[in-house]
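Okay, so here's the structure we're looking at.
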Amino acid sequence: MTRASLEYALDHASVDALFSKHAGRQYERKLLFSTMVDLTALVVCGAHPSVHAAYRAMREQVPVSLTAVYDKLGGVEMQTTEALVAHSAARLRPVVEGLGTSEQWLAGYRIRVLDGNHLAATERRLQVLWACAAGPLPGQSLVVLEPEAGLVVQMVGCEDGHAQERSLLEPVIAGAEPGDVYIADRNFCTLGFLFGLANRPAHFIIRQHANLPVESCGTQHRRGRTDTGAVFEQSITLRKDGAELRARRIVIRLDTPTRDGDTEMAILTELPASIDAATIADLYRRRWTIETLFARVERNLQSEIAALGYPKAALFGFGVSLVAANVFAVVRAAMDAAKRADQRVADMPLSDFAIVNAARSAHDGIDIVLDDEVWAPFQTMAPRSLAKRLLAWAAHSDWQRFRKAVRGPKKPTAKRTRFKHKSHVSTARLLAE
468 MTRASLEYAL DHASVDALFS KHAGRQYERK LLFSTMVDLT ALVVCGAHPS
518 VHAAYRAMRE QVPVSLTAVY DKLGGVEMQT TEALVAHSAA RLRPVVEGLG
568 TSEQWLAGYR IRVLDGNHLA ATERRLQVLW ACAAGPLPGQ SLVVLEPEAG
618 LVVQMVGCED GHAQERSLLE PVIAGAEPGD VYIADRNFCT LGFLFGLANR
668 PAHFIIRQHA NLPVESCGTQ HRRGRTDTGA VFEQSITLRK DGAELRARRI
718 VIRLDTPTRD GDTEMAILTE LPASIDAATI ADLYRRRWTI ETLFARVERN
768 LQSEIAALGY PKAALFGFGV SLVAANVFAV VRAAMDAAKR ADQRVADMPL
818 SDFAIVNAAR SAHDGIDIVL DDEVWAPFQT MAPRSLAKRL LAWAAHSDWQ
868 RFRKAVRGPK KPTAKRTRFK HKSHVSTARL LAE
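Read in order, the letters of the sequence shown are residues 468 to 900 in the working numbering.
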């Protein structure tokens, strides 16, 4: 399922056409962009531990030297990486819809969840980094998730690892469409972003930042409860450069304080009053779906290739990992649909790690048994046909193999009071006591 979905998401003709459309200074001669994507995907998905290993495995398909490959990776322009992520989502969305697993969060609207991701420090392979004691950061990005389909629809990359995330919001505003609802944390609560979305016209559900100037237009009225506390609402006005925006301020008085000690949480939205305050509060609570995505990418994929020190190369690797995450979303949707149809396992929780590990383990064996020509038809297959094929394959899954392991209650950690003044002890001697 994974190989077929990858072939469909990254069909060579459309990926090379995408490069021709979006590349500025970079060009193709012997090494096609689609080949670069395939090679990087092998590393990201764990089929090979490094770019060098993937290069050796693909030696027949890569007609240039390893140095040329690294040079090409270091020159992939940001707009090309961003376009690749958006392209994969556009290709795979009809497949997810064909599987029938999409969950509508808010009738009549399309949900977008926004968050930022900073890449970890890389190795110091570049000469400019040899004398650096501090960790070299290759960049960061904003990521927009469409949670109903489980697909990353937009990535906004930045090579400056110290840049403020708010400075990257303009492309997010430009990508907003009428009827979109953006859910984000308070770091993105700026007048520019709120007014920018409202002018598209799109909508927002964003936690209020303490520094945001808000003009109250009335008292708070109780609007019921959620699982986390009592909900109140009041009307507010936002002003920017002479423009005025009427909005609603939803306040949740929490039963249990947050990790930061907050006892109240204020959420701003300009969605109509027909959508009640409790619903808006619940939608904001589901913002964690993008944090789950980041955790899944970090845990199951090699999303941050430490050897890629050049910012463009590191961000390209992260972009390919988001494409792989979109492919995984399709595979997971197919398995969920097949599981739902089987009453014996309909309620069985599945393990993301087990699914990814099974795909990774099967990679080499499939490549030995099946030639590349077998997979070529999947690149041009109709999305509904691919959905049916994936569903048929998923129905034959060994569900016990993919069952999620549920751990028992955590036991309190024993206090370590013995041998405090020793650097080590013999486990065998302790067992023999």
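We treat Cβ as the ideally placed atom computed from N, Cα and C, and that holds for glycine.
- For residue 619, the enclosing beta strand (DSSP E) covers residues 618-625.
- In the same chain as residue 501, and ignoring 5 residues on each side of it, the C-beta atoms closer than 6 Å to its own belong to 479, 482, 483, in chain order.
- The C-alpha of residue 472 lies about 21 Å from the C-alpha of residue 499.
- The Cβ atoms of residue 806 and residue 798 lie no closer than 7 Å to each other.
- Within the stretch 514-576, the complete alpha helix (DSSP H) segments at least 4 residues long are 518-524, 533-540, 545-566, listed from N- to C-terminus.
- With a cut-off of 8 Å on Cβ pairs, the stretch 548-560 is not in contact with the stretch 578-591, counting fewer than three such pairs.
- Excluding its 5 nearest sequence neighbours in each direction, residue 536 has C-beta neighbours in its own chain below 8 Å: 498, 503, 506, 518, 522, 529, listed in chain order.
- The stretch 750-763 and the stretch 585-604 do not touch, with fewer than three beta-carbon pairs separated by less than 8 Å.
- Sequence-distant partners of residue 853 (beyond 5 residues in either direction) whose C-beta falls short of 6 Å from its own C-beta, in its chain, are 475, 562.
- Inter-residue distance for residue 566 and residue 601 is about 47 Å (C-alpha atoms, whole angstroms).
- With 16 or more other CB atoms across the displayed protein chains lying within 10 angstroms of its CB, residue 787 is buried.
- Contact between the stretch 535-549 and the stretch 711-730 is not established, with fewer than three Cβ pairs separated by less than 8 Å.
- When secondary structure is reduced to three states using DSSP, residue 491 falls in the coil class, being assigned neither helix nor strand.
- Of the residues 624, 793, 823, 773, the one whose Cα lies closest to the Cα of residue 636 is 624.
- Rounded to the nearest angstrom, the Cβ distance from residue 596 to residue 603 is 5 Å, consistent with a contact under 8 Å.
- Under a 10 Å Cβ-count criterion, residue 621 is classified as buried, with 16 or more other Cβ atoms of the shown protein chains found around its own Cβ.
- About 18 Å separates the beta carbons of residue 748 and residue 681, which is beyond the 8 Å limit, so they are not a contact pair.
- Partner residues in the beta bridge of residue 649, as assigned by DSSP, are 579, 671.
- A Cβ-Cβ separation of about 6 Å places residue 514 in contact with residue 827 under the 8 Å criterion.
- Note that the C-beta distance between residue 768 and residue 800 is not below 7 Å.
- Here DSSP, grouped into helix, strand and coil, assigns residue 481 to helix.
- Between residue 796 and the set 822, 809, 808, the nearest pair of CA atoms involves 822.
- The beta carbon of residue 740 sits closer than 8 Å to the beta carbons of 715 from its chain, once the five residues preceding and following it are set aside; these are given in chain order.
- Under DSSP, residue 698 forms a beta bridge with 719.
- Assigned with DSSP and collapsed to three states, residue 753 falls in coil, not helix or strand.
- Between residue 657 and residue 633, the gap from beta carbon to beta carbon is short of 7 Å.
- Boundaries of the beta strand (DSSP E) harbouring residue 608: 607-613, taken from the DSSP string.
- Here residue 574 is exposed. Its C-beta has fewer than 16 other C-beta atoms within 10 Å.
- In the three-state reduction of the DSSP assignment, residue 691 falls in the strand class.
- As the crow flies, the alpha-carbon of residue 884 is around 19 Å from that of residue 895.
- With 16 or more other Cβ atoms inside 10 Å of its own Cβ, residue 508 counts as buried.
- DSSP places residue 895 inside the alpha helix (DSSP H), whose first and last residues are 894-899.
- By the neighbour-count criterion, in which a residue is buried when 16 or more other Cβ atoms sit within 10 angstroms of its Cβ, residue 619 is buried.
- Spanning the alpha carbons of residue 612 and residue 666 requires a straight line of approximately 21 Å.
- Taken through DSSP and simplified to helix, strand or coil, residue 731 comes out as strand.
- The C-beta of residue 867 has fewer than 16 other C-beta atoms within 10 Å across all chains shown, which makes the residue exposed.
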